[in-house]
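Protein chains in written order, with my numbering: chain V, 1 to 306; chain R, 1001 to 1084.
This is the structure in structure tokens:
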């Protein structure tokens, strides 16, 4: 539809066409262009499992093989967010879409925090956790400022590494029938190092300092405060606190609960152990040396906005 | 600077190897040559990161300088140029 009404598909040409173009919720100079952009937005939101287009995610993530679920949790987030940044910051930069992304961010954060509390299955809980994280990432995206884009890029990278870590643990425990959260019982006795790894990753997801998850949320909330989106930052902080409940529940089950079934230990393979080590050390020590990462994301944000 | 990067990188590499053996419930010093390899790779990574950071900082400063001078040219004759 965009091509039909403008005759171009080049992002630069579209940016020139839409400079000063009036698009409001109740009228547009071209309703065809408005509908075209709306369809693109909805398509992207479906793919990235943002509320209110998230309903497919829990069932698909739970029913898929764990390897596929881990791919689904990581790769589309990177690609679709990069695509959205290119399309909506470069070509279709308009306050109308900002309101829509504000709403999606708030709804994703709230649903991700509240729905995950009721889950007993690991993959469903991780799905709702990823929906909540998409909400946090949308804070940076919907600001539309250089700081917002930079915080989004930082948030995406840290989210990817945390998710790789968690799914590596889920895959490592797969031989022991790891479907329900209760199956984690007594992991601290059977494999203390794995229990500590999962604990640190859960604390990072919850945004507890000084881990990497805290740094990503810190920059996202500060970007929101910088552009005047105080409500976004407030809801982000409140939902982070609420989400601590189900993240720390993992730690409680590992250290204080007894397992319901027999546990048979099978050794982990070397590749998974190295992956766990690298991601764990990044999550734990990121706060000591974040500068190369901040510099490269700052450059990426500048190249998009200037 | 090079010493710190090398030391920290080597320590990280060694820790990763210890973790890898520990999480697989193997003796921590199993296959000691892997520890040496990990320390070497870690040291190389640490030095590469330090060099990359310097390069990124230079590039960013250059980029910001270009943008600033472009802005000054655009705002000739306005209050902003007078203030600068």
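From the three backbone atoms N, C-alpha and C, an ideal C-beta is built for every residue, glycine too.
Query, Result
"Got a sec? Which residues, its chain only, sit under 8 Å from residue 254/V by beta carbon, not counting five neighbours each side?", "184, 185, 186, 187, 188, 195, 198, 199"
"Can the beta-carbon of residue 144/V be found less than 8 Å from the beta-carbon of residue 98/V?", "yes"
"When you compare the CB of residue 1025/R with every CB in chain V, is at least one pair closer than 8 Å?", "yes"
"Do residue 1064/R and residue 1042/R have their C-beta atoms closer together than 8 Å?", "no"
"Taking all protein chains shown into account, do 16 or more other C-beta atoms lie within 10 angstroms of the C-beta of residue 106/V, making it buried, or fewer, making it exposed?", "buried"
"Do residue 126/V and residue 73/V count as a contact pair if the criterion is CB distance below 8 Å?", "yes"
"Buried or exposed for residue 207/V, please, with buried defined as at least 16 other CB atoms from any protein chain shown within 10 angstroms of its CB.", "buried"
"Tell me which residue opens and which closes the alpha helix (DSSP H) that residue 76/V is part of.", "66-85"
"Run through the DSSP bridge pairs and tell me what residue 121/V is partnered with.", "180/V"
"Using Cβ-Cβ distances below 9 Å, what residues of the region 1004-1023 of chain R are close to chain V?", "1008, 1012, 1015, 1016, 1017, 1018, 1019, 1020, 1021, 1022, 1023"
"If you drop the 5 nearest sequence neighbours on each side, which residues of the same chain put their C-beta closer than 8 Å to that of residue 32/V?", "1, 4, 5"
"Using alpha carbons as the reference points, say which of 123/V, 89/V, 13/V lies closest to residue 59/V.", "123/V"
"Taking residue 1028/R as the query, report the chain V residues whose CB atoms sit under 9 Å from its CB, ordered along the chain.", "Here the premise fails: no neighbours, minimum Cβ distance about 11 Å."
"Return the chain-ordered list of same chain residues with a C-beta closer than 6 Å to the C-beta of residue 151/V, the five sequence neighbours on each side being excluded.", "140, 219, 220, 223"
"Where do the N-terminal and C-terminal ends of the alpha helix (DSSP H) with residue 169/V fall, by residue?", "146-172"
"Once the 5 residues before and after residue 271/V are set aside, which same chain residues still bring their CB inside 8 Å of it?", "none"
"Using CA atoms only, rank isn't needed, just tell me which of 67/V, 193/V, 94/V is closest to residue 41/V.", "94/V"
"Taking Cβ-Cβ distances below 9 Å as the criterion, which residues of the region 161-184 of chain V are in contact with chain R?", "172"
"Taking only beta-carbon atoms, is residue 99/V less than 8 Å away from chain R?", "no"
"Of the choices 1045/R, 1052/R, 1035/R, whose alpha-carbon is the least far from that of residue 1014/R?", "1035/R"
"Kindly list, in the order they appear in chain V, the residues whose Cβ is closer than 9 Å to that of residue 1033/R.", "Under the 9 Å cutoff, chain V gives no residues; its nearest Cβ is about 14 Å from residue 1033/R."
"Straight-line CA distance for residue 83/V to residue 286/V?", "27 Å"
"Look up residue 277/V in the DSSP assignment and say whether it is helix, strand or coil.", "helix"
"Taking the alpha-carbon positions, what's the residue 1046/R to residue 162/V distance?", "22 Å"
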